[in-house]
Amino acid sequence: MASRIPETTQRIFTPETLRSAAKQSERCLVVPVLLRRAIKRYLREQEDPHMKRKVLRLSESFNEIKGKNLMLTESTSKELFEDPLKSIDQSKRWKIKSSYGDIGLTYRDDETIAYVASRMPAVYSACFRVLREVRRRLPGFSPAKVLDFGAGTGSAFWALREVWPGSLEKVNIVEPSQSMQRAGQSLIQGLKNLPLIHSYSSIQALSKHINKSERDHDLVIASYVLGEIPSLKDRITIVRQLWDLTRDVLVLVEPGTPQGSNIISQMRSHILWMEKRRCRKSKDVIKETSKDLVTRRSGVHIVAPCPHDGACPLEKSGKYCHFVQRMQRTTSQRAYKRSKGVPLRGFEDEKFSYVAFRRGQRPGESWPLDGIEFDTLKEQHAKRNPEDLEIDYDDVVKAQAEAEAEAELMPYEEKGLVCYDSDAIENDDEDDSDKDLVEKEEEETNPADLGGGWGRIIFPPVRRGRQVAMDVCRSTKRDGSEGSFEHMVLTRSKNPTLHRLARKSFWGDLWPF
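Start counting the sequence shown at 253; every next residue gets the next number (this note's numbering).
See below:
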């Protein structure tokens, strides 16, 4: 077998390089085949010879807006602190405008084409990761009516179809850019079982064309849009309007930068403060007969990523809360993205920050490790049965011989083949929806409850020898009203069970307490 492999290939594919490649592909998301085909078809229809230049220009525009918005945010926060009523006129002006407010980038046809080619797959991967986490924490939640604010070219819509297939009945889209709306409509052409979709240029247009009884949505999502609004006052106004349109779950997603994490933290604090104040006022006004009804409707708790509803413990730590989703680059990204003097990798790490709210009080659940006692490594060794340590070498040799005999009978083409989802070869008749459904069912076999007993790993675990160091955000009270940031070191000798679990954990996973 080794003689059939060229010598140069043997030098490249060493055990070290194969282990490194396997490590890089862990939890690597592959963009669905239908979305890849839709992007290819859309870019082929445009036939733009200067695509690389437009992608580079769009990237430079993002970097320029990031710096300007950061300065505007600092100045606006200072003005609000000195004079809270100073920005009321700006907020009123936004309410009669037909867009988000004073956004820093206008998406025309050139920017839209570049966005579809370079950014849409990455935004999809972040939205998919966030919505999958919401589904994992809320296994009984299945949204039928959805509002996608700042929909762009429909990245969140594609993620919704993957996470909750067959659940969507009606989707309202708010997107002021006509070019983005046209691109989104072009990308979903030919899809089957589409829900009823209505597009609007602003929240005001949405509220004007639908009845008050139809304004509540099971799920409201705003992805990668709040960072394009420089004014803090406008952001708060928009998020409050989105929360008023939410019947159950509100999801906010921003880039995983210090500015994006700061925006998420500000909106998180504002909604929690607003609902706490509303609950206090309601308790003073309501009658005793309607207390139960108000308790079900009032209040809010965090579904993900926070395990508590208190102040963020990272606000004054100099760190910022963000996560990462690795994705396999599509052919359009590999073709049009540029790298700085080094070969472009086959994968991309999309960093993002997010928060998911749900109406109602946090359910009181028992903590997963309550009443569980773990043995140390010495205690586990003392309890072992000596007969279990005996190895029957005759059975081992016999099993190896049978496995080698079966391998010799297998055709050469079928030996060692691993099926990868690739852009190079795509079967038009292939439908991987059934495979995805099986994977989703396997993920939901043991869902974690919404109690305060589940912490969140917020930075990559560090594995050194027989110990694992992790940074975990956790709840310090049973009701999840307060939280803290904790640095944990798990060793094999003290707790081999949790040490084994920590070695398999990743950045963003839940951790039991």
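Cβ atoms here follow ideal geometry from the backbone N, Cα and C, with glycine treated the same way.
### Task
Just grab the DSSP bridge partners of L281 for me.
Its beta-bridge partners are M579.
### Task
Evaluate V741 with the Cβ neighbour count: other Cβ atoms within 10 Å of its Cβ, from every protein chain shown; 16 or more gives buried, anything less gives exposed.
Exposed, by the Cβ-count rule.
### Task
Can you grab the Cα-Cα spacing for the pair G508 / T628, in whole Å?
G508 and T628 have their C-alpha atoms spaced approximately 39 Å apart.
### Task
Mind reading off the beta-carbon distance from I784 to L448? Whole number of angstroms is fine, and I expect it under 8 Å.
In the structure displayed, the chain extends from 253 to 765; residue 784 sits before or after that span and is not available.
### Message
Helix, strand or coil for R621? Go by DSSP, reduced to three states.
### Response
The sequence shown places Leu at residue 621, rather than the Arg named in the question. In the structure shown, L621 sits in coil (DSSP, three-state: anything other than H, G, I, E or B).
### Task
Output the distance between the C-alpha atoms of E567 and I516, rounded to the nearest integer angstrom.
Rounded to whole angstroms, E567 to I516 spans 11 Å at the Cα level.
### Query
Just the Cα atoms here: how many angstroms apart are V282 and T749?
When only Cα atoms are considered, V282 and T749 end up about 32 Å apart.
### Task
Please find out if some non-hydrogen atom of the ligand FMN comes closer than 7 Å to the beta-carbon of R487.
Within the structure as shown, the ligand FMN is missing, as the structure has no ligands at all.
#### Entry: Under the three-state DSSP convention, the category Y367 falls into
Y367 falls in the helix class under three-state DSSP.
### Residue range of the unbroken beta strand (DSSP E) whose run includes D500
Per DSSP, D500 belongs to the beta strand (DSSP E) from 498-507.
### Query
So is F758 buried or exposed if we call it buried at 16+ other beta carbons inside 10 Å?
Classification for F758: exposed.
### Query
Based on Cα-Cα distance, which residue from D723, G705, W706 lies nearest to P713?
The residue with the shortest Cα to Cα distance from P713 is D723.
### Separation of W525 from R726, as counted between CA atoms
The straight-line gap from Cα to Cα measures roughly 20 Å.
### Task
Grab me the residues of D761's own chain with a C-beta within less than 6 Å of its C-beta, minus the 5 sequence neighbours each way, in chain order.
Taken in chain order, the residues that qualify are I709.
### Message
Could you pull the DSSP bridge partners for V607 from this structure?
### Response
DSSP links V607 through a beta bridge to L504.
### Query
Would you say the segment 450-465 touches the segment 475-488, given that touching needs at least three Cβ pairs under 8 Å?
With contact defined as three or more Cβ pairs closer than 8 Å, the segment 450-465 and the segment 475-488 are not in contact.
### Task
Count the C-beta pairs between the segment 387-401 and the segment 368-379 that are closer than 8 Å, then say yes if the count reaches three, no if not.
Judged by Cβ distances under 8 Å, the segment 387-401 makes no contact with the segment 368-379, as fewer than three pairs qualify.
### Query
Which full runs of the beta strand (DSSP E) of 3+ residues lie inside the segment 430-459, going along the chain?
Counting only runs of 3 or more, we get 448-452.
### Task
Output the distance between the C-alpha atoms of N747 and A721, rounded to the nearest integer angstrom.
Using only the alpha carbons, I get a separation of about 13 Å.
### Task
Look at K397 and E421 and say whether their C-beta atoms are less than 8 Å apart.
Remark: C-beta atoms of K397 and E421 approach each other more closely than 8 Å.
### Query
Near C573, which residues of its chain fall below 8 Å by C-beta distance, leaving aside the five closest residues on each side in sequence?
Cβ-Cβ distances below 8 Å link C573 to S513, I516, S517, P557, C564, L566, S605, I710, C725 in the same chain, with the five nearest sequence neighbours on each side left out; the list follows chain order.
### Span separating the alpha-carbon of V368 from that of Q577
Note on geometry: alpha-carbon atoms of V368 and Q577 lie some 19 Å from one another.
### Task
Would you list the one or two residues that DSSP bridges to A721?
A721 is bridged to V714, V741.
### Message
By the three-class DSSP mapping on this structure, what secondary structure does V426 have?
### Response
Annotated three-state conformation of V426 is strand, per DSSP.
### Task
Give the DSSP bridge partners of V398, in chain order.
The partner list for V398 (beta bridge, DSSP) reads V423, L471.
### Query
What's the gap between the Cα of F765 and the Cα of H553?
About 19 Å.
### Query
First and last residue of the beta strand (DSSP E) that includes V555?
DSSP places V555 in the uninterrupted beta strand (DSSP E) bounded by 552-556.
### Query
Quick one: what does DSSP say R413 is sitting in, helix, strand or coil?
Helix.
### Query
Nearest CA to the CA of L383: which residue from E363, D361, G402, L471?
Of the candidates E363, D361, G402, L471, the one whose C-alpha sits nearest the C-alpha of L383 is L471.
### Residues of its chain near L287, where Cβ-Cβ distance is below 7 Å and the 5 sequence neighbours each way are ignored
Residues of the same chain with a CB within less than 7 Å of the CB of L287, apart from the 5 flanking positions on each side, are Y376, W410 in chain order.
### Task
Would you give the residue range spanned by the alpha helix (DSSP H) that P373 belongs to?
For P373, the enclosing alpha helix (DSSP H) stretches over residues 372-389.
### 7 Å Cβ shell around A700 - same chain, five flanking residues per side excluded
R389, W706, L762.
### Candidates Y476, H739, T743, I365, of which the one nearest V503 by Cα
Put simply, of Y476, H739, T743, I365 the residue whose alpha carbon is nearest the alpha carbon of V503 is Y476.
#### Entry: Under the three-state DSSP convention, the category R726 falls into
Secondary structure of R726 (DSSP, three-state): strand.
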